[in-house]
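For reference, the structure discussed in these notes is given below.
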Amino acid sequence: EGHNHQRKMDGVASAMAALDLPANTANRVRDYFDYVWLRHRDHAGYNFIRSLPYTLGSRISCEVHKERIMACPLFKNAHIKFVAAVATVLLPEVYLPSEFIIVAGYISRAMYFVRRGRVEMLKRDEDRELQLTICDDFFDVLGLFTSRQRSLSVRSLTHSDIYKLPSSQFEHVIREYPGIAMGVADDAVNSFPERNAAIIRSR
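Position one of the sequence shown corresponds to residue 1437 (our numbering), numbered consecutively onward.
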């Protein structure tokens, strides 16, 4: 395994040399690949689950992610079948310290769960004052329900292991379980501030 990683890193180094990347950028690229290898063995766990039959892979995904998913008010009372379906479509992402996950002004079409690490959320309130919140669980739930430009920026403070739930995959789960999805929507409306709840209601 170590030999395969070194061969991969040799290829990365050759590619960066061909691109003539600045040293600081090249160092961040090496940091990224080293972290993914040391922490995840190049996402071996995720790839293993994807190699399994759907039913078994879904069960394992649910065991891995259910507590994290159900900690979000959107899913706190969801049936375990719905939670398993959500867990199955989560996509692993790795972010380096100081790297932006969401940038204000861009459209976000996903919500995110933090498996490991911490992120900071930056948003201006109605008085244009910058509000900063540290997060280590989940963020940008509204990304599942709207394609509006976000007023929120999210930046990784550490090496962060993130699981992304794309809105397109979430909509697929909703179509698979429409009855359960109605209960999820009701919980969301009751759990979030009125302005956010109105966006969810409109969907």
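Here a beta-carbon is modelled for each residue, glycine too, at the ideal position from N, C-alpha and C.
_For residue 1524 and residue 1608, what's the separation of their Cα atoms in angstroms?_
12 Å
_Is it buried or exposed, residue 1484, if we count other Cβ atoms within 10 angstroms and call 16 or more buried?_
exposed
*Kindly list the residues whose CB is nearer than 8 Å to the CB of residue 1521, restricted to its own chain and excluding five residues on each side of it in sequence; keep chain order.*
1494, 1609, 1612, 1613
*Can you check the stretch 1528 to 1572 for any beta strand (DSSP E) of at least 3 residues that lies completely inside it and give the ranges in chain order?*
1536 to 1538, 1546 to 1552, 1555 to 1560, 1566 to 1571
_So the candidates are 1623, 1596, 1624, 1527; which of them puts its Cα closest to the Cα of residue 1471?_
1596
*When DSSP labels each residue in this structure, what does residue 1474 get in the three-state scheme?*
helix
*From residue 1531 to residue 1539, what does the alpha carbon distance come to, in whole angstroms?*
14 Å
*asked:* I'd like to know whether the C-beta atoms of residue 1560 and residue 1593 end up nearer to each other than 8 Å.
replied: no
*Specify whether the stretch 1572 to 1583 and the stretch 1492 to 1511 touch according to this definition: at least 3 beta carbon pairs, one from each stretch, less than 8 Å apart.*
yes
*Reference residue 1590, options 1464, 1469, 1543, 1481, closest by Cα*: 1543
*asked:* With H, G and I counted as helix, E and B as strand and the rest as coil, what does DSSP make of residue 1464?
replied: helix
*Closest to residue 1480 by CA distance: which of 1441, 1623, 1452 is it?*
1441
*Taking Cβ positions, are residue 1510 and residue 1600 nearer each other than 8 Å?*
no
*Is residue 1490 buried or exposed, if buried means 16 or more other CB atoms sit within 10 Å of its CB?*
exposed
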